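This report refers to the structure that appears directly beneath it.
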DNA sequence: GTGGTCTAGACCACT
DNA sequence: GTGGTCTAGACCACA
């Protein structure tokens with residue numbers, strides 16, 4: 001698994017790892033049911049403390065992305081589905097609200113913005129052909 | 001100016017204020033050149049420490065949203081424009097990248113997502129008619 | 001013997017097996033004196049390491065649920081009775097204490113809770129008629 | 001806040017703290033909206049590391065018992081309600097299932113068991129008179 | 001070897 | 001002073 005961490009970023013390391021793992025799942029690089037590296041393995045690969053990875057895995061578990069299998073370690077949740085909760089949609093709306101506001105003021109037209117969104121979304125749809 | 005702060009939110013208070021001020025500008029509730037409440041006034045209204053508001057205004061100035069006017073205090077930058085820097089676009093892309101990944105996995109279709117984006121963007125275009 | 005193990009559960013596998021064996025006895029599916037599968041047999045059935053099953057049988061023996069018979073292997077304790085020790089009651093009380101606290105706060109009324117308890121207890125009383 | 005931790009217990013310290021805080025809320029010793037001790041304060045009181053308390057508070061937040069208020073620190077969730085989810089009921093049923101099985105086999109009659117449950121539940125109902 | 005728990009100490013962001 | 005992040009190292013339960 002390729003994870004690129006920016007140690008100088010404002011975004012906490014554990015958050016970057018979470019984001020990238022979710023992205024890897026969306027891209028199909030991590031298949032449902034596939035097992036992730038062990039906490040200590042991934043920590044060693046990235047060059048960070050295993051507690052940080054542990055935190056990531058626990059949060060991913062809490063949010064339903066992975067399950068901790070007593071035989072296989074941590075695996076991508078095989079039943080990943082139906083998470084389009086109202087709570088999530090609300091959060092998403094708020095994020096888009098401020099994001100579009102700033103984009104609008106910065107002169108990104110609606111068309112440009114929509115194109116960016118479409119381009120980003122489509123990479124996940126097209127994963128099968130990648 | 002209506003600012004709704006959620007003290008239980010994950011988002012820092014200063015960030016919430018920044019977001020809402022930018023949104024107010026995008027909505028046209030705050031006109032270019034219009035003056036914002038004084039640091040102490042806004043702090044009192046929200047019920048927070050004035051240092052927090054100070055931080056907000058400084059960052060808004062740093063990013064070009066407002067200017068500190070010797071007489072009038074803090075006003076919305078009258079020359080607000082052309083901030084579509086490549087740095088901003090890069091940041092925006094990264095944000096959309098992870099956001100669309102999660103939306104895709106949670107079952108938000110491309111159409112639904114695009115509709116959400118359009119709806120949010122359009123509220124700023126339509127401000128003149130509001 | 002039907003044992004359903006959830007490998008993704010928080011509960012250790014050995015604990016799940018223990019729970020289910022005790023439940024099978026309470027339900028009368030396992031009669032007093034009846035013999036349990038061999039360690040290796042049960043391990044193979046479930047698809048786990050036989051050390052885990054070994055641990056289960058040893059603990060069950062320790063707690064008096066089964067006896068290790070020289071000839072017949074492991075059998076349900078034919079003299080199963082009188083285990084209502086004060087130590088057990090204390091443990092049970094502590095468990096009920098926190099369990100009822102959470103149920104109360106989550107809005108499960110006393111009547112609902114009592115009904116749940118009754119329903120669960122009664123399945124063991126009615127075993128003879130099952 | 002009185003918390004009695006058994007350091008020799010099988011139950012992890014953080015779990016004991018969680019249980020007792022939930023119990024304190026149910027007993028009304030901790031009112032809705034009331035603030036809890038800071039992580040470092042509580043850790044010092046109990047004589048443990050603050051990370052352990054931090055873990056507790058984060059889990060309580062995840063489960064909706066408390067909210068982390070940016071001004072007041074950690075407070076009991078003022079909107080504590082409606083948590084009688086099906087997921088919780090399922091978990092509760094499974095717990096009662098094995099608990100009643102063992103009680104039945106140990107000779108605790110249905111009446112005795114129900115009386116224990118009632119006694120435990122009622123302490124939370126009667127909190128207003130305590 | 002796996003994840004889980006706990007300790008200890010440092011630094012940071014926020015208010 | 002508050003919680004959040006990260007590091008580091010020890011020990012344990014589980015399989």
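Residue numbers (UniProt numbering), protein chains in the order written: chain A, 1 to 130; chain B, 1 to 130; chain C, 1 to 130; chain D, 1 to 130.
Where a beta carbon is used, it is the ideal one built from N, C-alpha and C, also for glycine.
Remember, predicted model here, so these are calculated numbers, not experimental data.
- Taking a contact to require three or more Cβ pairs closer than 8 angstroms, the region 75-82 of chain A and the region 39-55 of chain A do not qualify as touching.
- Two segments are said to touch when three or more pairs of C-beta atoms, one from each, lie closer than 8 angstroms; by this definition the region 104-114 of chain B does not touch the region 10-21 of chain C.
- Neighbours of residue 68 of chain D across chain B, judged by C-beta separation under 7 angstroms: 8.
- Beta-carbon to beta-carbon, residue 67 of chain D and residue 30 of chain D are separated by about 13 angstroms, too far to satisfy the 8 angstroms threshold.
- Residue state for residue 53 of chain D is assigned as helix, using DSSP reduced to three classes.
- Straight-line measurement puts the Cα of residue 45 of chain B at about 22 angstroms from the Cα of residue 33 of chain B.
- Within the model, the alpha-carbon separation for residue 22 of chain C versus residue 124 of chain C is close to 11 angstroms.
- Across the structure, residue 14 of chain D and residue 51 of chain D are spaced so that their CA atoms are roughly 10 angstroms apart.
- The distance from the Cβ of residue 120 of chain B to that of residue 116 of chain A is about 14 angstroms, inconsistent with a contact at the 8 angstroms cut-off.
- In this model, residue 27 of chain C and residue 99 of chain D are separated by some 13 angstroms (Cα to Cα).
- For the UniProt domain "HTH gntR-type" (11-79) of chain A, the set of residues with a beta-carbon nearer than 7 angstroms to any beta-carbon of chain B comprises 19, 22, 23, 25 and 26, in chain order.
- Contact note: residue 2 of chain A does not reach chain B at a C-beta cutoff of 9 angstroms; the least C-beta distance is about 15 angstroms.
- Chain D has no Cβ within less than 8 angstroms of the Cβ of residue 126 of chain C.
- Residue 17 of chain C is positioned such that its CB atom lies closer than 8 angstroms to that of residue 56 of chain C.
- Using a CB distance below 7 angstroms, the part of the region 82-105 of chain A facing chain B consists of 82, 83, 84, 88, 92, 93, 95, 96, 97, 98, 99, 100, 101, 102, 103, 104 and 105, ordered along the chain.
- A direct Cα-Cα distance of roughly 34 angstroms separates residue 58 of chain B from residue 114 of chain B.
- Partner residues in the beta bridge of residue 35 of chain D, as assigned by DSSP, are D/75.
- In the three-state scheme derived from DSSP, where H, G and I count as helix and E and B as strand, residue 5 of chain C is classed as coil.
- The Cβ-Cβ distance between residue 62 of chain D and residue 20 of chain A does not fall below 8 angstroms.
- Of D/109, D/71 and D/36, the smallest CA-CA separation from residue 49 of chain B is found for D/71.
- For residue 64 of chain D and residue 69 of chain C, the gap between their C-alpha atoms comes out near 50 angstroms.
- Straight-line measurement puts the Cα of residue 101 of chain B at about 12 angstroms from the Cα of residue 92 of chain A.
- Counting along the chain, residue 66 of chain B sits inside the beta strand (DSSP E) bounded by residues 66-69.
- Residue 126 of chain B is classed as exposed because its beta carbon has fewer than 16 other beta carbons within 10 Å across all chains shown.
- Rounded to whole angstroms, the separation of the alpha carbons of residue 60 of chain C and residue 118 of chain C is 26 angstroms.
- Looking at A/2, A/86 and A/47, the one whose alpha-carbon comes closest to that of residue 36 of chain A is A/2.
- Comparing C-alpha distances from residue 53 of chain D to each of D/5, D/88 and D/90 shows the shortest one belongs to D/5.
- In the structure shown, the three-state DSSP call for residue 91 of chain D is helix.
- Judged by DSSP secondary structure, residue 81 of chain D falls outside any alpha helix (DSSP H); it is assigned neither H nor E.
- Here residue 24 of chain C has 1 and 30 as same chain residues with Cβ atoms under 7 angstroms from its own Cβ, once five neighbours each way along the sequence are excluded.
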